[in-house]
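Enquirer: This note's numbering puts the first residue of the sequence shown at 1, with every later residue one more than the last.
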Amino acid sequence: MPDLIFTSQQIHYSQLKCDLKSSTMSLAKPAMRGLLGKRLRFHLPIAFALSLVAAAAFKYGVTEPRKQAYADFYKQYDTTKEFNNMRDAGVFESVRTTGE
Numbered sequence: 001m002p003d004l005i006f007t008s009q010q011i012h013y014s015q016l017k018c019d020l021k022s023s024t025m026s027l028a029k030p031a032m033r034g035l036l037g038k039r040l041r042f043h044l045p046i047a048f049a050l051s052l053v054a055a056a057a058f059k060y061g062v063t064e065p066r067k068q069a070y071a072d073f074y075k076q077y078d079t080t081k082e083f084n085n086m087r088d089a090g091v092f093e094s095v096r097t098t099g100e
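1. At which residues does the alpha helix (DSSP H) containing Ala53 begin and terminate?
2. Give the straight-line distance between the Cα atoms of Met1 and Leu27, rounded to the nearest whole angstrom.
3. Roughly how many angstroms lie between the CA atoms of Phe83 and Gln76, to the nearest whole one?
4. State the CB to CB distance for the pair Thr98 and Arg87, rounded to an integer number of angstroms; the pair is presumed to be in contact (CB under 8 Å).
Below you can see the structure in the form of structure tokens.
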């Protein structure tokens with residue numbers, strides 16, 4: 001008859017054990033089939049849109065101002081004057097300076 005006598009700790013443990021079993025059995029299994037396709041359908045359009053935004057930001061934030069700066073520089077650039085300055089400085093070996 002000693003098997004029929006339970007202490008309060010044993011009763012509490014057995015109830016806890018039953019509660020854990022029932023709670024783990026009620027969890028749904030994760031959906032593994034089609035998981036990659038589902039994630040791609042969600043993330044691919046976002047990645048595509050972000051790449052277009054980044055490309056547009058680089059074009060109008062970096063390349064267009066750079067092209068405008070080059071255009072402004074070459075509007076005012078005098079090649080003959082620059083050549084004469086370098087010739088007078090003695091940069092060229094095959095061209096005599098104006099003083100010689």
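Every residue gets a Cβ at the ideal spot worked out from N, C-alpha and C, and that includes glycine.
Expert: So, from the listed chains and residues:
1. Correcting the residue type first, residue 53 is Val in the shown sequence and not Ala. Val53 -> alpha helix (DSSP H) spans 35 to 58.
2. With a pLDDT of only 49 at Met1, under 50, the local geometry of the prediction cannot be trusted, and no value is derived from it.
3. Going by the C-alpha atoms only, they are around 15 Å apart.
4. Approximately 7 Å separates the beta-carbon atoms of Thr98 and Arg87; this is inside 8 Å, confirming the contact.
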